[in-house]
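What follows is a set of notes on a single structure, which appears directly below.
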Amino acid sequence: MRRSICYCEPNLAFAGQVSNWKFFYTTAVTLPKGTILKFNLLSQGRVSDWQIPEVSAQEKKNRIWLQTPEGKSISAKKTDLSSFEFSLNSDLKTGETVVIIMGANEDHSKEGNRAQTFLQRKRAFHLYIDPKGKNDWKEPEIFTLDVKGSALENIRIIAPSLVSKNKRFDVIIRFEDCYGNLTHQAPEGTLIELSYKNLRENLNWKLFVPETGFINIPNLYFGEAGIYRIELRNLTTKEIFYSSPIKCSIDSDADKSIFWGQLHGESERFDAGDNIETCLRYLRDEKNFHFFATSSFESTEETSNDTWKVISSQIAEFNEDLRFSTFLGFQWVGKPLEEGIHQLIYSKDNKPILRKKDAKNSSLKKIYRAHSPKEILSIASFSMAKGMETNFKEFDPDFERVVEIYNCWGSSECLEKEGNLRSITAKNAKEIVESEKGSIRQALNHNCRFGFVAGGLDDRGVYNGLYEGPQAQYSAGLTAIIAPEQTRESLFQALYQRSCYATTGDRIVLGFFIAGACMGSELNTKLKPGLIFNRHITGFIATTENIKEIVIVRNGAVFKTINPNQTEYEFAIDDAESITKISLQSPDERPPFIYYYLRVTQENGHIAWSSPIWVDHTELLIHKASSKKVKKKEDAG
Numbered sequence: 078m079r080r081s082i083c084y085c086e087p088n089l090a091f092a093g094q095v096s097n098w099k100f101f102y103t104t105a106v107t108l109p110k111g112t113i114l115k116f117n118l119l120s121q122g123r124v125s126d127w128q129i130p131e132v133s134a135q136e137k138k139n140r141i142w143l144q145t146p147e148g149k150s151i152s153a154k155k156t157d158l159s160s161f162e163f164s165l166n167s168d169l170k171t172g173e174t175v176v177i178i179m180g181a182n183e184d185h186s187k188e189g190n191r192a193q194t195f196l197q198r199k200r201a202f203h204l205y206i207d208p209k210g211k212n213d214w215k216e217p218e219i220f221t222l223d224v225k226g227s228a229l230e231n232i233r234i235i236a237p238s239l240v241s242k243n244k245r246f247d248v249i250i251r252f253e254d255c256y257g258n259l260t261h262q263a264p265e266g267t268l269i270e271l272s273y274k275n276l277r278e279n280l281n282w283k284l285f286v287p288e289t290g291f292i293n294i295p296n297l298y299f300g301e302a303g304i305y306r307i308e309l310r311n312l313t314t315k316e317i318f319y320s321s322p323i324k325c326s327i328d329s330d331a332d333k334s335i336f337w338g339q340l341h342g343e344s345e346r347f348d349a350g351d352n353i354e355t356c357l358r359y360l361r362d363e364k365n366f367h368f369f370a371t372s373s374f375e376s377t378e379e380t381s382n383d384t385w386k387v388i389s390s391q392i393a394e395f396n397e398d399l400r401f402s403t404f405l406g407f408q409w410v411g412k413p414l415e416e417g418i419h420q421l422i423y424s425k426d427n428k429p430i431l432r433k434k435d436a437k438n439s440s441l442k443k444i445y446r447a448h449s450p451k452e453i454l455s456i457a458s459f460s461m462a463k464g465m466e467t468n469f470k471e472f473d474p475d476f477e478r479v480v481e482i483y484n485c486w487g488s489s490e491c492l493e494k495e496g497n498l499r500s501i502t503a504k505n506a507k508e509i510v511e512s513e514k515g516s517i518r519q520a521l522n523h524n525c526r527f528g529f530v531a532g533g534l535d536d537r538g539v540y541n542g543l544y545e546g547p548q549a550q551y552s553a554g555l556t557a558i559i560a561p562e563q564t565r566e567s568l569f570q571a572l573y574q575r576s577c578y579a580t581t582g583d584r585i586v587l588g589f590f591i592a593g594a595c596m597g598s599e600l601n602t603k604l605k606p607g608l609i610f611n612r613h614i615t616g617f618i619a620t621t622e623n624i625k626e627i628v629i630v631r632n633g634a635v636f637k638t639i640n641p642n643q644t645e646y647e648f649a650i651d652d653a654e655s656i657t658k659i660s661l662q663s664p665d666e667r668p669p670f671i672y673y674y675l676r677v678t679q680e681n682g683h684i685a686w687s688s689p690i691w692v693d694h695t696e697l698l699i700h701k702a703s704s705k706k707v708k709k710k711e712d713a714g
């Protein structure tokens, strides 16, 4: 039986390439006049997708049309976002070929149509044929071409952020095009020289650009403590590329590492609900995340039972100790101005999605009563978004161990007038703006105790429409978890201990300590009486760009500002004000307290927030309790 023939010219595309793309279709049967051909690009219209062409014959570039065997042109009719229809004006006989062309009217390939900006094997285009012209579509004819990486633009170094002296580690070198895709499209003979400070003189590393687009370099180590950056020099172009900072440590935290990922968010390229396997593979292999949690919304409209089963299965499948830790999670939206948006993350696999419409899951209190803090973590997010605020009045310290201080739609740290550098705002006042009722600083001032994490991009559920609208959008954030090992159990425990910090996307290395206790700690003056008179605050920062500002926040206000204008900085500061003068009163029976956290801003605008450290003035509470007992005895006497 004779079959139709489909092929493309060119049959290979480079990411982001602008060209004239031709799709040749040779029919196996005669198609009568009036036959409708529907061509679907399978593009969603995103910036990274294949560019959608225009249909007007007046367009000289990025146009789509059909060419008949006689060389005549037939204009297209756009029927959907990426679907175009052509109506044959004469019979197309068996063995004859029509060509669908996307690009410039003339052979000006630089003014043509732009390919998608990400890699894909056998990228498909569908052609549906309706010989009767009555929208009776059968199985499509399929054109395919490969999309590969374009010219070498960047070299990215994937290295750990925290290592121990003389302890060996591996580094991955990624050769990328301008879109972040792996590529080997470099001039012939290109060599890359690797170096870092204190590298032994007899070692001379020169690397070539492999066809795979990446190289794994094992068994590197640093013989001295300090901040390192691996340097790669392109000997052909003289360009220099640096890794994110690496801290080599010999102190008590040397047995811990910093692990990067997202607990809330999804990929711009792949929907985490419809394409969870592809999404997880992309985040693990391309974005080099150490961990990731799913964050679908709990409603059946957003996440069906079947979708949840697939997500649960893939999360269990992808979880691999020491490589990629995955968590099963979902978003739950409660009463506005009260519960707000919370992400619930399980510590184990194959758990149910808790639907709010079910009476037993209709409030956070009910959910908490049915679970233990060892099996579920609750994270308030987007808490300052007007109309979706979390007021933290029902804050539960056992489950709500961390809070999302930032995602790509803004920071909930405080109001813009109070120093919020990435506030929740929009060009249109009808969109989402900031609300003081969900301020994290206010919650901290009321003795809510949580560490800080950051979320990424989200355009689902309550965020639907923000991506295309006038809402201010920032970079996707990252969460850094400081833990002994890269396992799900270790990372979950570190989050419970608030051993984590948030950034707006850059892998900034930082440490923050009071009296030797790390971020997330709770200290008290009973065990450390000296804290009444002085708090010795220390820290270190290593950034990807020069540090513009370091701010130490105490009790919701700026305590100390430093402007080092360098990429590495260590500090030691004493707060010698008496704790009795500066402590905040707890709204409950707990003692007066103070808290501190660190905020770092780079010259390029990226920010990092350490989790807070708390100091309780327990001596004052004991004194008050003793006074009450004495007074009771006097009254009894």
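The sequence shown begins at 78 in the numbering used here and counts up by one. Idealized CB from N, CA, C, for every residue including glycine.
Nearest residue (CA-CA) to residue i, options the options
{"i": "Asp33", "options": "Ala462, Phe100, Val106", "result": "Nothing about residue 33 can be reported from this structure: the residues present for the chain run from 78 to 714 only."}
{"i": "Thr620", "options": "Thr678, Ile650, Ser576, Glu654", "result": "Thr678"}
{"i": "Leu421", "options": "Thr221, Pro295, Tyr445", "result": "Tyr445"}
{"i": "Ile151", "options": "Val176, Lys138, Gly172, Leu158", "result": "Val176"}
{"i": "Asp536", "options": "Arg346, Asn97, Glu136", "result": "Arg346"}
{"i": "Asn139", "options": "Glu513, Ser96, Asn281, Gly342", "result": "Ser96"}
{"i": "Thr171", "options": "Ser81, His683, Val132, Pro547", "result": "Ser81"}
{"i": "Ser512", "options": "Leu521, Ser489, Ser424, Phe529", "result": "Ser489"}
{"i": "Val286", "options": "Gly546, Leu271, Cys577", "result": "Leu271"}
Simplified DSSP state of residue i, which is helix, strand or coil
{"i": "His448", "result": "coil"}
{"i": "Arg400", "result": "coil"}
{"i": "Trp214", "result": "coil"}
{"i": "Leu297", "result": "strand"}
{"i": "Cys356", "result": "helix"}
{"i": "Gly515", "result": "helix"}
{"i": "Asp435", "result": "coil"}
{"i": "Ala702", "result": "Confidence at Ala702 is low in this model, with a pLDDT of 48, below 50, so the placement of that residue is unreliable and no value is reported for it."}
{"i": "Asn117", "result": "strand"}
{"i": "Gly487", "result": "strand"}
{"i": "Glu188", "result": "helix"}
{"i": "Ala520", "result": "helix"}
{"i": "Lys225", "result": "strand"}
{"i": "Asp332", "result": "helix"}
{"i": "Ile430", "result": "coil"}
{"i": "Glu265", "result": "coil"}
{"i": "Val106", "result": "coil"}
Environment of residue i [buried if 16+ CB atoms lie within 10 Å]
{"i": "Pro668", "result": "buried"}
{"i": "Lys721", "result": "For the chain, the structure presents residues 78 to 714; residue 721 sits outside this window and is missing."}
{"i": "Thr729", "result": "Outside the displayed span of the chain (78 to 714) sits residue 729, for which this structure offers no information."}
{"i": "Arg198", "result": "exposed"}
{"i": "Lys706", "result": "Low confidence applies here, because Lys706 scores a pLDDT of 45, under 50, leaving its location unreliable and the question unanswered by this model."}
{"i": "Val635", "result": "exposed"}
{"i": "Met78", "result": "Note that Met78 has pLDDT 40, beneath the 50 cutoff, so the model's placement of it is unreliable and the number below is only indicative. So Met78 counts as exposed."}
{"i": "Thr602", "result": "buried"}
{"i": "Val692", "result": "buried"}
Range covered by the beta strand (DSSP E) that runs through residue i
{"i": "Leu604", "result": "No beta strand (DSSP E) contains Leu604, which DSSP labels as neither H nor E."}
{"i": "Asn311", "result": "308 to 311"}
{"i": "Ile327", "result": "Neither: Ile327 is in no beta strand (DSSP E) and is coded neither H nor E."}
{"i": "Lys283", "result": "282 to 285"}
Beta-carbon spacing of residue i, residue j below 7 Å
{"i": "Arg251", "j": "Arg233", "result": "yes"}
{"i": "Gln94", "j": "Ala192", "result": "yes"}
{"i": "Ala549", "j": "Thr502", "result": "yes"}
{"i": "Tyr573", "j": "Ala531", "result": "no"}
{"i": "Phe291", "j": "Leu239", "result": "no"}
{"i": "Asn623", "j": "Thr644", "result": "yes"}
{"i": "Arg526", "j": "Gly633", "result": "no"}
{"i": "Lys137", "j": "Asn190", "result": "no"}
{"i": "Met179", "j": "Pro146", "result": "no"}
{"i": "Thr581", "j": "His419", "result": "no"}
{"i": "Ala92", "j": "Leu222", "result": "no"}
{"i": "Ile591", "j": "Arg612", "result": "yes"}
{"i": "Arg575", "j": "Ser688", "result": "yes"}
{"i": "Ala579", "j": "Ile558", "result": "no"}
{"i": "Phe476", "j": "Ser449", "result": "no"}
Bounding residues of the alpha helix (DSSP H) (the contiguous stretch that carries residue i)
{"i": "Ala571", "result": "565 to 573"}
{"i": "Ile422", "result": "Careful: Ile422 lies outside any alpha helix (DSSP H), inside the beta strand (DSSP E) at 418 to 423."}
{"i": "Trp385", "result": "382 to 395"}
{"i": "Lys507", "result": "From DSSP, Lys507 is part of no alpha helix (DSSP H); its letter is neither H nor E."}
Neighbour flag for residue i against chain D, beta carbons, 7 Å
{"i": "Glu477", "result": "The structure shown has no chain D; it contains just one protein chain."}
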